[in-house]
Each structure stands twice: as structure tokens, then as C-alpha cells.
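Asks:
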Amino acid sequence: MRIFDPHIHMTSRTTDDYARMAAAGVVAVVEPSFWLGQPRTGPGSFADYFDSLLGWEPYRAAQFGVVHHATIALNPKEANDPRCRPVLDLLPRYLDKDRVVAVGEIGYDSMTPEEDDAFERQLALAVEHELPALVHTPHRDKAAGTRRTLDLVKASGIEPGRVAVDHLNEVTIELVHGTGCWMGFSIYPETKMSPPRMVELLRKYGTERVLVNSAADWGVSDPLLTLATAEAMLAAGFGEDDVDRVMWRNPVEFYSQSGRLDLTGVTGAAEPTFAGSSIKRGGE
């Protein structure tokens, strides 16, 4: 089994986690920019963080045979802090980097005017840099936040197929299904989705445009819950091809739209190039 975790915060995890993931078949990850758990005090701290995501973390992952890419953004929570907002002017320099495969996480935390502005500006950057967008839906008042997200995405002019609306659940999937956007689900203990709940949604809505991730970070989380979901799918009667679509081909298809997804050296990674996108492989 090959697994691509499309949303995991490896900066918060140990090298033991990388070893466990590789042994479980997790051989590719995307790490979105996110809130580190305490306030940052200015754009310089973001620059250090972005540099680590694009330099040290891919090197650390490679020691275990895991391919690491990142998404870059001002996250919604810190969009409300005037000390952090100048990082919006810093983003274009990072969005041109080879290992950046999307703008994200962007979206909503508390649905403030400041978040509206940061979200709108970063969707515009995604269009300008021809990158997909990874969108965080709020933990509170999630249905209203998801509706507001979809309204802003529509107004931005970005193609829906280049947007992943993440952290969905049984309530919000109905809002996103059929919009053309990708549907992201975080299998995360206590606060988000569980493998059995995810399997039921896959039974009802199918496997197309579905991204399943662990969102593992510094909180109570588990980087092997992608594997647990894959195993739950098989136990529920899904075929191996269904599992491969959800756990590998879907994230490859979504992030390959960046033209920067480099799966060089990943065993069994060769896939057809999707329309309007490209995947880098050895020698390209």
C-alpha cells in the first residue's frame, strides 16, 4: 500500500514518526504552513519558518525515504494579528520556490474582516502564481464558515478544481459536494473525523475529489490515521483500487496542478500526467 498524506505538520513530529510512517507505506507528504501554538511576533519569524519548511524538513524526511512538499501562507488565526499581516507582502518570494505546491492554509478561524482580506489576497496570489489553494474551514460555526468560504472562492475567480476545502465533516460535505472543489477530511482524534465515520462518507459520496489526511501536529494526533482509514476501507468492502485512489492518486492529482510535484525516487509513483498538470520524475 502506498500513502500520500496531503496535510500533515511534520515540524511538530519526531524522527520516530517518520520511521513509523515510512514503514506503514506513507512515502509522500505535504506540510501546510500553520499556527505553531503561540503567537509569532513579526514577519521575520515566518521567514525562518518558511525556510525550514523548504530546506530542513525535506532533508529530514528524505532520510526515511519520504518525499516532502509544502504549502505557504499566512494562516487564518494569525491573519488577525497586525504584527503578522506584513508577511502577506513576503509570500510571493516563497510561492515561486520549487517545493511549494499550493497556497495554504488559508481561510477562516473566527471569520473576521481581517481574515476576509487575507483570504481574498491569498486566493489572488494562488491565481497569479498558478498554484492550487488549500483552505482551512473554522473549528467553530463550521457550516457558516464553509458557506462563506465557498462564496469567497467563487468571487475570486479561481477554478474550483484548484481548491481543496479541508477539515470537512458530515455537516459540511453537503455544502462542498458538487461545487467542483476538492473535499478534504482530517482523521484526527477527538475533534475531527475518525476512520469509521470517513468510511461511511466514502460509501455515500464516493471517492472522487476526496483528500484524506491526518493533519497530525503538536496536538493529540496520529500520523498513521491515514493507514487506519485505508484499513477500515478494506474491512468495509472497498477494493484496493479504491484505497489507492483515495490515499495516493487523488492527492497526486490535486497537487500535480502546481507543476512542481516531484515524486522522484518513490517506488511505484509513476502515474499518467493529468490534464493541465505535470508531475516531475527522475531526469525531468
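Going by our numbering, the sequence shown opens with residue 171, and the numbers climb by one from there.
No residue lacks a Cβ here, since even glycine has one placed at the ideal position from N, Cα and C.
Keep in mind the model is a prediction, meaning the values are calculated, not measured.
#1: Taking C-beta to C-beta, are residue 365 and residue 386 nearer than 8 Å?
#2: How far does the beta strand (DSSP E) with residue 202 in it extend, from its first residue to its last?
#3: Any Cβ of chain B within less than 8 Å of the Cβ of residue 212?
#4: Under a three-way DSSP split, which group does residue 346 fall into?
#5: Quick one: Cα of residue 313 to Cα of residue 326, how far?
#6: On the three-state DSSP scale, how would you describe residue 206?
#7: Which residue from 379, 329, 355, 218 puts its Cα closest to that of residue 341?
#8: What residue does the alpha helix (DSSP H) around residue 383 start on, and which one ends it?
#9: In three-state terms, what does DSSP make of residue 284?
#10: Compute the distance between the beta-carbons of residue 436 and residue 197, then report whether it is under 8 Å.
#11: Ordered along the chain, which non-local residues of its own chain (more than five positions away) have a Cβ less than 8 Å from that of residue 402?
#12: Where does residue 427 land, buried or exposed, given buried means 16+ other C-beta within 10 angstroms?
#13: Could you tell me whether the region 226 to 234 touches the region 254 to 267, where touching means 3 or more Cβ pairs closer than 8 Å?
#14: Assign residue 374 to buried or exposed, taking buried as 16 or more other Cβ atoms, counted over all protein chains shown, within 10 Å of its Cβ.
#15: Rounded to whole angstroms, how far is the Cβ of residue 277 from the Cβ of residue 239, which I believe are closer than 8 Å?
#16: Hey, out of 390, 384, 389, whose CA is closest to residue 396's CA?
#17: Is the beta carbon of residue 177 closer than 8 Å to that of residue 202?
#18: Which residue or residues does DSSP assign as beta-bridge partners of residue 212?
#19: Name the one or two DSSP bridge partners that residue 273 has.
#20: Rounded to whole angstroms, what's the CA-CA distance from residue 230 to residue 210? Just pull it up for me.
Replies: In this structure, then:
#1: By the CB criterion at 8 Å, residue 365 and residue 386 fall outside the cutoff.
#2: 196 to 202
#3: Given the protein chain composition of this structure (a single chain), no chain B is represented.
#4: helix
#5: 20 Å
#6: coil
#7: Answer by Cα proximity: 355.
#8: Premise fails: residue 383 lies in the beta strand (DSSP E), 380 to 383, not in any alpha helix (DSSP H).
#9: helix
#10: yes
#11: 365, 366, 368, 369
#12: Buried, by the Cβ-count rule.
#13: No, because fewer than three Cβ pairs between the region 226 to 234 and the region 254 to 267 fall closer than 8 Å, the two stretches do not touch.
#14: exposed
#15: Residue 277 to residue 239, Cβ: 19 Å. No contact.
#16: 384
#17: yes
#18: DSSP output for residue 212 lists no bridge partner at all.
#19: 242, 303
#20: 24 Å
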